[in-house]
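Input: a single structure, listed below in structure tokens.
Protein chains in written order, with the numbering used here: chain W, 1 to 598; chain G, 1001 to 1598.
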């Protein structure tokens, strides 16, 4: 059987940074060459970054991507790397263009190019466009209708792009039954429990096709998404033979014994399941036998470590890729801002994290001592700006009480943070968790301000779990746990009026999070939730709170997706929406229920 | 030739308000019956409102829609209206469900039902799903695969749902060559110049099919969208025979002479272009000849009247459908807030509009006198809350200068507005225009706060045009022009530092808007814009400002779409985006350009 050394470049490109991304790929191929690789595979849209969204409609951007991939092929050859087959994702366009009404402008295609001998020798565009969850690819791309088989050192290699692997039925993967290796460039964002499903899928497709499979994923953050890497290779029996780490760039190199190409000469082009198959021979001669090296098989992370890793990478890349160096967050001594502070320290280094404590007349003593303890444990800088004088000035000018007065305090804090941000260039972090965001338990333009919201997809109960996990992890490493125990133990409070507790307005968080999981993530109806055992009045209340808070979520900053359905592009609901889950028929006046003031 | 009196119910349902919408349809059919109509057609998704977005994934909502349409059929019969054929849009599901990976959960379908004799006698689901611009229907719906022909009083009537009419090639419209009438329920949102395109399309399809065509559209606002009505009927030669007004509900009744059904008995079901055709005979007997009445042929509005109408309806429906009664806006005496104030008075009545003037040390005298003049001309209430004491309190607490100090003032104003909103229940309006939003010339959490942004899709030059148009319209009606001439005439300024003018930071607005039209709406490249005659440095500057302001736009409130591409779901760009339009190749550091602080 011919041998092949395959290198999977699990890289972290930046959307739109074509030059920097090309340089990153060049460096990856150089490293792979130094390790003797014959075939290097980069992720989906590696040249442009991913997802590019409506940048796809910009002809100058498509042109620049095409130019970049051609230039990269030439550069590789100029560097003496022209005899390595390099497969990379990039943006191209369909030719001739598709002219159907509403078809994506300019016919952009999510494509991969094969670079060899200084040229783009063949290309293939994604067949099955990802158009659910946070994916809008039917909006942005025209599907491909070709399958490119390349022959590398006597082995036939087929390509499937991300979603092409997930779809059942006739696909490039099935066609690859005739290939010795199926390579799969991906831009597959993280969510909990997904890495197990990926391995299971890859194994199944390998067994179906009787064909080894090399799956290479992006790594790094892009707005709401975190690509977790975890690139992997399975053999034709579906057995795992190599796996890269999660959340870090890695060049995963693996030696494979693969079947010799059955067709030594190119057979005539033919059709398969409506797709045109082309075969390109790069090098028909199998390699002389060489010594096999052991590949890395990284252990997958445990669930909490994985979630925490996603939050750190999401924040770090949002900050760095947008040109910031430091972040600012309001530190209340509560568990949410404390966890965000620790994540920020882990992502950026404590020297780049500024905590601001804004005590008011209702702040308890422990809110300041806990914030100070966090600062001392982590090394982040803590500034204190009491808000009483500003509150007094507003009270002189505007008559407020009740909720309006509570919100006023939260907004004055936000004005302080934004002033410091504007003056010193820190990115402000919003510290709201998913449970709060779900029920609207936050002050718009108050605690909700910020450029990024690191825990917006983390339910409150998971916030506590992550805090305990992070402390335990510190102990495991022989370090001081960063989070004060009192912060974990105390009952949550917004401290906007004397003795206020979250449970004054909301059910206990373990109960709330269970209802939210059913209502928000599973789309369960009120009767179904009651049948699960939840109190009927509570179910109606929670569902109504969720529905009515949509306007607040629309103005909330982006944050990393870790769940199967985050608030953001994953859940698109109308703001104007009179539908309410009820156990009985709604009264006729349902159309004009009052939205609570922000 | 058989006669038929067709009534098009141009109604304004509310998303999610199934009971209220059903009641609205019932009332519409009662009115149509009182006018002797034999066939009543309601718009797309009239039972649920439109667009429902991810509400489609909620099984309880689909069930409720199915129940509602059945209940409506029964109710119509109980009211003695069972012998009128009623065609209405609603939400249903495909049976059996589609199980492909990523196919919409629960297989929801954008459907129409035919109600007759107390039953849903047949249904049809949309074939071509609208998935460009602001439409995400492939995400939300499974396409239909049937065509339902109904025979009404001896006339064969076919149905096409909105996008099914726009798509070229085999379609229900083409099939309708065998029908005497094609009815088209629509949810077609307003944009400039669209009503002309609709008439042209309807005429062309009628001529293609040699078949009269009745096009019924929704009216009213739903978040970003404004449905403008303008329902119309063309005869088989494509001649306009009836047209409803824009932006108002109307029951458009028209008498048509139509060809007799060629097949008096139901022919066997057959296939057409992959669609299964069914034929349902409701009433095979042509009507006795009756006296024809003249139908309304409303004149279409002129461009500026149409835009202004969309802004008024968009605001009015957002406020009312979300249960608010009154709005609050900061009045600076400038053209933007003044126009928004007048729109609000026209939408809600001056008694429901509160203007707040927040003079600072840099405010000019005319900013207050112009705001007062607006209040006196329109009757809106004006409150004045000077901000100097609050500014002083913040200056004591935080050291700021330059841009940070300018933004501080804008944010203090916003805190005042939000306090008044929370205390008194007014919805806050953001007064930014499209040009500002494009280049990020606004203060996030300052002038950008609000629940709705009435002119966010209106470029600055169009703001002036609308102001002049509104004043001229007042004169035409013999009323006092609402907008002070000095407000229209003075150079724009944010008044955040002494003598500040917008042109200190931006090119003149007529020039800016031309560049923005090319860059934002047409996706033109920098070299193309320079070839159009714009200064190269200015093009690069404006394009970079637009790209870097994406994070601000994400947190901006919704507002009515009037252009072919609004900021919102119509233009989805990454925040993290290193791509910059340039005339020369970007330097290697392009990936990490600094984002300006908010």
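Virtual Cβ for every residue (Gly too), placed ideally from N, Cα, C. Being a predicted model, the structure only gives us computed values, none of them experimental.
{"Item": "Minimum C-alpha distance to residue 314 (chain W) - residue among W:399, W:454, W:440, W:354", "Value": "W:454"}
{"Item": "Minimum Cβ-Cβ distance from residue 170 (chain W) to chain G less than 9 Å", "Value": "With a pLDDT of only 49 at residue 170 (chain W), under the threshold of 50, the placement of this residue in the model should not be trusted; the figure read from the coordinates follows. It does not: the Cβ of residue 170 (chain W) has no partner Cβ on chain G nearer than 9 Å."}
{"Item": "Beta-carbon separation (whole angstroms), residue 262 (chain W) vs residue 178 (chain W), contact threshold 8 Å", "Value": "7 Å"}
{"Item": "Proximal residues of chain G, C-beta to C-beta of residue 209 (chain W) below 7 Å", "Value": "Ordered by position in chain G, no residue passes the 7 Å Cβ test against residue 209 (chain W), which lies about 17 Å from the chain."}
{"Item": "CA nearest to the CA of residue 403 (chain W), picked from W:104, W:121, W:498, W:21", "Value": "W:498"}
{"Item": "Contact under 9 Å by Cβ, residue 1330 (chain G) with residue 1431 (chain G)", "Value": "yes"}
{"Item": "Sequence-distant residues of the same chain with beta carbon closer than 7 Å to residue 1424 (chain G), five excluded per side", "Value": "none"}
{"Item": "Test: residue 364 (chain W) CB closer than 9 Å to a CB of chain G", "Value": "no"}
{"Item": "Touch test, the stretch 350–364 of chain W against the stretch 461–470 of chain W, Cβ-Cβ under 8 Å, three pairs minimum", "Value": "no"}
{"Item": "Inter-stretch contact at 8 Å, needing at least 3 Cβ pairs: the stretch 332–343 of chain W / the stretch 363–376 of chain W", "Value": "yes"}
{"Item": "Per-residue contacts from residue 126 (chain W) into chain G (C-beta, under 7 Å)", "Value": "Those within 7 Å of residue 126 (chain W) in chain G number zero; the least Cβ separation is about 13 Å."}
{"Item": "Cβ-Cβ separation, residue 277 (chain W) to residue 149 (chain W) (assumed contact under 8 Å), whole Å", "Value": "7 Å"}
{"Item": "Contiguous alpha helix (DSSP H) assignments of at least 4 residues, all confined to the stretch 156–238 of chain W", "Value": "163–166, 172–175, 194–209"}
{"Item": "Whole runs of the beta strand (DSSP E) within the stretch 1365–1429 of chain G, excluding any shorter than 3 residues", "Value": "1381–1384"}
{"Item": "Partner residues on chain W for residue 1139 (chain G), Cβ-Cβ distance less than 7 Å", "Value": "131, 132"}
{"Item": "Cβ-based neighbour list, residue 1033 (chain G), same chain, cut-off 7 Å, excluding 5 preceding and 5 following", "Value": "1081, 1084"}
{"Item": "Residues within the stretch 57–76 of chain W neighbouring chain G, beta-carbon criterion of under 9 Å", "Value": "57, 58, 59, 60, 61, 63, 64"}
{"Item": "Residues near residue 582 (chain W) by beta carbon distance below 7 Å, same chain, minus five either side", "Value": "526, 540"}
{"Item": "Residue-chain proximity (residue 1394 (chain G), chain W), Cβ-Cβ < 9 Å", "Value": "yes"}
{"Item": "Whole-angstrom distance between residue 1309 (chain G) and residue 1283 (chain G), CA atom to CA atom", "Value": "41 Å"}
{"Item": "CB contact flag (residue 214 (chain W), residue 41 (chain W), <9 Å)", "Value": "yes"}
{"Item": "The stretch 1393–1413 of chain G: positions lying closer than 9 Å to chain W by Cβ", "Value": "1393, 1394, 1396, 1397, 1398, 1399, 1400, 1401, 1402, 1403, 1404, 1405, 1406, 1407, 1408, 1411, 1412"}
{"Item": "Interface residues of the stretch 1031–1059 of chain G facing chain W [CB-CB below 9 Å]", "Value": "1048, 1049, 1051, 1052, 1053, 1054, 1055, 1057, 1058, 1059"}
{"Item": "The stretch 1206–1225 of chain G contacting the stretch 1297–1304 of chain G, beta-carbon criterion three pairs below 8 Å", "Value": "no"}
{"Item": "Separation of residue 577 (chain W) from residue 554 (chain W), as counted between CA atoms", "Value": "14 Å"}
{"Item": "Status (buried if at least 16 other CB within 10 Å, exposed otherwise) for residue 1237 (chain G)", "Value": "exposed"}
{"Item": "Check whether residue 1013 (chain G) and residue 1220 (chain G) have beta carbons under 9 Å apart", "Value": "yes"}
{"Item": "Any C-beta of chain W under 9 Å from that of residue 1321 (chain G)", "Value": "yes"}
{"Item": "Residue 293 (chain W) - DSSP class collapsed to helix/strand/coil", "Value": "coil"}
{"Item": "Residue nearest to residue 28 (chain W) in terms of C-alpha spacing, selected from W:43, W:255, W:16", "Value": "W:43"}
{"Item": "Bounding residues of the beta strand (DSSP E) (the contiguous stretch that carries residue 147 (chain W))", "Value": "146–152"}
{"Item": "Closer than 9 Å to chain W by CB, residue 1018 (chain G)", "Value": "yes"}
{"Item": "Complete alpha helix (DSSP H) runs within the stretch 1461–1540 of chain G (minimum length 4 residues, chain order)", "Value": "1485–1489, 1509–1516, 1526–1531"}
{"Item": "Three or more C-beta pairs below 8 Å linking the stretch 522–537 of chain W and the stretch 441–457 of chain W", "Value": "no"}
{"Item": "Where residue 1308 (chain G) sits in the DSSP three-state scheme", "Value": "helix"}
{"Item": "Residues sharing a beta bridge with residue 1070 (chain G), DSSP", "Value": "The partner list for residue 1070 (chain G) (beta bridge, DSSP) is empty, contrary to what the question assumes."}
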